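Chains as they are written, first to last, in our numbering: chain A, 7 to 304; chain B, 10 to 261; chain C, 3 to 313; chain D, 744 to 1178.
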């Protein structure tokens, strides 16, 4: 019985983390039809920014709850700067190009940003463990869990609700949904699609950076962490249905639980469990669990 | 004509897109050699019906029979394999190809049974004759994206005819064509058809054209079959006149 | 049957064959690897003409390498041509099996699903201890028609085999592109529904061309495996697939010549970047790719073999 | 871009390549260092690159302490290092290796962080007759699956770690009955666990394995793995996670108190010791692939090496630094011996004869080229428990046991895996020292 509880808790923790990291990717694809392969770099830069900021602050201050504010601040700053830079410098010129060319352009950005980060932060890992031990531990089913991971779960749920509220309850949200479903029609109705694109990409970048900033305390921030999460975030987004926020939430939970189950029941499968689940879901639901309505062509 | 074998049968076809119901149970039979006109206002379900009987759309309920055999939901490829061909309300062409390339490709695919596709593309075969017959020789080597709408319609229909179909479905062949060109276009199409004895079902808004060519008329309204009969009977039917033709008094 | 383009292909092959005796070892390996990647790019060319970009083609490249390696270690086959045949058939069969599912997908989903399959193979190879897991295993030098090869002469012979095979496969692909079936790919990309209404099942062509591209990538993987003498799961990592797509984009509308030329350019850019900036070679690769995509408005949409703007 | 201009661009690029390496420097001894400059393994190998630069400068300046003091350079020639990134896959590494030998005039090639590259490059070095001395890659397969004339390795391989750790646990923790492990799912992790499990079966037959975890390398998220290990509560947990994975695991594990219910054995902890320092929980059992770093016996060479290294990089050198230093010192000893008093630069054949089966001093103690008919090194090793001295704010090691080379390395000609499984026959463990 305790194994089932452990799988549920571990799955939920990992799923929440995956949602936080992947939601920006599906938002950007939903609105702009861009599969941002450089999403992993935005995550990594968020982590580096947070690690540097935390390292600088806690060099002269005792560990305190200020850490969380620093992480959010660093993430939003990194996301804003990088989101704007990439959108204006590169993505603007790719407007109207087919989906796969744009995805390849972001693959080029991945290669470039990887080395740019190497130039700025070098090869040695940055650690920012200060906030990780701040919140103590709690016991579930006889096992001790670090509360920081529940904080990340809470943050993921908060972010999910925030996005849902913006999309369904606010003016900008309705404009965003209009652009998601039909870019030309939205433009015809006077929506400044250009502004929506920039805002969406910046929001996507901030979400990725937020994911990185709150992962920084858990791992040493080193070259290559961006590349590690790319393929697993694709799996989450594709399983959920490209462009669907609830889909990303369900996809993240499915992958999280699958990985936790593999770890507890058959560890050697951990290497490919995520991709097996992805291929499995796509066999039955070719466009993911929450596909967007297809437009009639003839 | 009436006792000819049933070629295409629709039985109680229903199509629901979520809350919207496009077809509310339509049954109709088309026999060999007939020329059937399909009329109705926009959104009456004409194109949905066409998409369904040609295998592109699987009906929510009901069956489609071709020569008595149930072909519900089989894809367009099998339907074409069984002698069906169609044109489209908006011409479905290959933007980067020329008119000649369209017809040559259609010819190669039509003859894939006799001649292997791994051979070269046919040269100077039926495609050239069809280009001449449809008066497309002048623009034969122009990318279709630069060709006017009327000729795009002709290419679209010509490609369907290249398949030497037994049953031809035309979706508003004259829509988007100037009124001066409507007559000659239909003239060209029906000359090519009459030579081969093809059964035709075509969607049309221009009643003059309908009266001139059809042997029977199906009238649709809001996804239901309003009338099914000879042109004289259907066009004088009060319901059809009021809702489909939008004319106050009845045409004499 | 021979057209001007084919003669040019044969001429280029002859030039490379003649140069074999002059080239130093490192250039032989570099050029042979470039030609092998060109062969993979030929397979990609088929799929990209139909508007599909697989992000997981390295799976078949890796399968071909492992098939050649295991062929010589477990089955005792040592002849180059037999091993290439074995690798091609193995990868082609795998392409046919994966094709059963992937034939229904288009656009980003096709790319993502092919990547997912390649990562499954990568994970399985990483885990398999008796295949040397992440270290892989060494592939013994093959023989050519009974003739054993060692040292640099072995490289020259392998390079010559690679050149002949590349010319043969390039001629085969260009001949295929001239057949009626070769024209169906671009038609599918431009308007798939119309193709099915002309009585041809688009999924069937995509399935066939996916298996063929698998076969080509398998042969290329086997060539590199025998050239390098080592295979490891890294051959099937998604970054390797990214490199093949990079070559296909570089090739643009160049068709056969474009693919082979682009492969050479990539290896050259790779070698120079490696020498000039050992720590930042990926920046140079990424920059080159970005410039190609931004400056080349052609992109994927105009992958037709010939310009048709004869208004 | 017109098709023709694309071909001319390619030709120009290749020509540039050819021209760049043309000028062969006759008088300098050019040593190529193949080492990960980018990617996840970079951070673990940077200390090695630093040590190589320090040693090359000292060799050229002649400022090395005994037993290398006096003569400058190697065999009378000035040493010049140049670095090459060990990434891009085997095909790239093999073509780059040929480039080193044929185009860039490398007299010696050293380094090699990953076993995959070592296995791929060894046959090519033999074919091109290039003296290749591997510094860090640790798979025993190289000299057990084949024998080479031009390929050497101046560091012991992983079998030594497993043997020493198993003997240490038998001596210090006899009450251990259940064992678990968490190892990265790739060659290094698999070999390391297979060897440790075999060594434990031989040293402590009563123990049994109760938990196995195989996370993907670089995943960084170990929540589920730690829960699974905590649930089984093994007495001992073995892990050969390295670099950033090791740090991530330590951070996440110590927050959940895994180390309080199970003793942790981590053969590669020493590489993260400077970076993590006080964050590493007390009592973790570790080693340093020989008597390197904190385990180094006092000697003039070691004191000189650690002072210079700490002066320049303000942290203690970890064992990769000691391994790169050992390679350069082995080369210097071989070149000087082969050159003889006259000091004329020796041919590679003579250097190989001098290096084969030689014994040389390194900052970590004496290294003997005893296995793989004189091509594979063995050296004494030591195991201890990690401690953090709060007062002096410095990492320390307690309860150290030093194992002589003959006790923890397989005898010449034996296959490591079988040797461990069969109870380490022929091991001479008379010289064990407990500090």
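By construction, the Cβ of each residue, glycine as well, lies at the ideal position given by its N, Cα and C atoms. What you are looking at is a predicted structure, and each value in this text was computed from that prediction instead of being measured.
Out of the options, which has the shortest C-alpha to C-alpha gap to residue i?
i                       : options                        : result
residue 218 of chain B  : B:207, B:236, B:184            : B:184
residue 233 of chain B  : B:179, B:57, B:44, B:171       : B:57
residue 1091 of chain D : D:1078, D:1126, D:968, D:835   : D:1078
residue 882 of chain D  : D:1141, D:873, D:816, D:905    : D:905
residue 230 of chain A  : D:1082, D:807, D:988           : D:988
residue 780 of chain D  : A:269, A:153, A:228            : A:228
residue 1115 of chain D : D:1125, D:1126, D:1108, D:1101 : D:1101
residue 128 of chain A  : A:139, A:201, A:243, A:58      : A:58
residue 816 of chain D  : D:894, D:1087, D:993           : D:1087
residue 228 of chain B  : B:129, B:14, B:63, B:36        : B:36
For chain B, check one thing: does any of its Cβ atoms lie closer than 8 Å to the Cβ of residue i?
i                      : result
residue 233 of chain C : no
residue 269 of chain C : no
residue 297 of chain C : no
residue 211 of chain C : no
DSSP beta-bridge partners for residue i?
i                       : result
residue 176 of chain B  : B:93, B:208
residue 817 of chain D  : D:820
residue 981 of chain D  : D:924, D:1008
residue 1132 of chain D : D:1137
residue 233 of chain C  : C:139
residue 146 of chain A  : A:149
residue 828 of chain D  : D:778
Within 8 Å (strictly less), CB to CB, does residue i reach chain A?
i                      : result
residue 253 of chain C : no
residue 789 of chain D : yes
residue 119 of chain C : yes
residue 803 of chain D : no
residue 961 of chain D : yes
Examine chain C for any beta-carbon lying closer than 8 Å to the beta-carbon of residue i, and answer yes or no.
i                       : result
residue 73 of chain B   : no
residue 238 of chain B  : no
residue 1107 of chain D : no
Check this for me: beta carbons of residue i and residue j, under 8 Å apart or not?
i                       : j                       : result
residue 1060 of chain D : residue 1029 of chain D : no
residue 909 of chain D  : residue 853 of chain D  : no
residue 937 of chain D  : residue 969 of chain D  : no
residue 139 of chain B  : residue 170 of chain B  : yes
residue 1066 of chain D : residue 898 of chain D  : yes
residue 824 of chain D  : residue 796 of chain D  : yes
residue 248 of chain C  : residue 225 of chain C  : no
residue 947 of chain D  : residue 896 of chain D  : no
For residue i, collect the residues of the same chain with a Cβ closer than 6 Å to its Cβ; drop the 5 residues on either side in sequence, then sort them by chain order.
i                      : result
residue 932 of chain D : 926, 983
residue 195 of chain B : 218
residue 18 of chain B  : 38, 74
residue 256 of chain A : 246, 295
residue 239 of chain A : 27, 28, 31
residue 212 of chain C : 97, 101
Step through the CB atoms of chain D and report whether any lies within less than 8 Å of the CB of residue i.
i                     : result
residue 12 of chain C : no
Counting only the same chain and skipping the five closest in sequence on each side, list residues whose C-beta sits under 8 Å from that of residue i.
i                      : result
residue 972 of chain D : 923, 925, 954, 956, 980, 1001, 1005
residue 283 of chain C : 272, 275, 276
By Cβ distance, which residues of its chain are closer than 7 Å to residue i, with the 5 residues on each side in sequence left out?
i                      : result
residue 34 of chain A  : 40, 42, 206, 207, 210
residue 118 of chain B : none
residue 826 of chain D : 776, 778, 780, 792
residue 801 of chain D : 807
residue 761 of chain D : In this prediction, residue 761 of chain D scores a pLDDT of 47, lower than 50, which makes its location untrustworthy; the coordinate-derived value is nonetheless stated afterwards. So no residue of the chain qualifies.
Using a Cβ-based criterion (distance less than 7 Å to any ligand heavy atom), does residue i qualify as near the ligand HEM?
i                       : result
residue 1006 of chain D : Absent from the structure shown: the ligand HEM. Ligands present: none.
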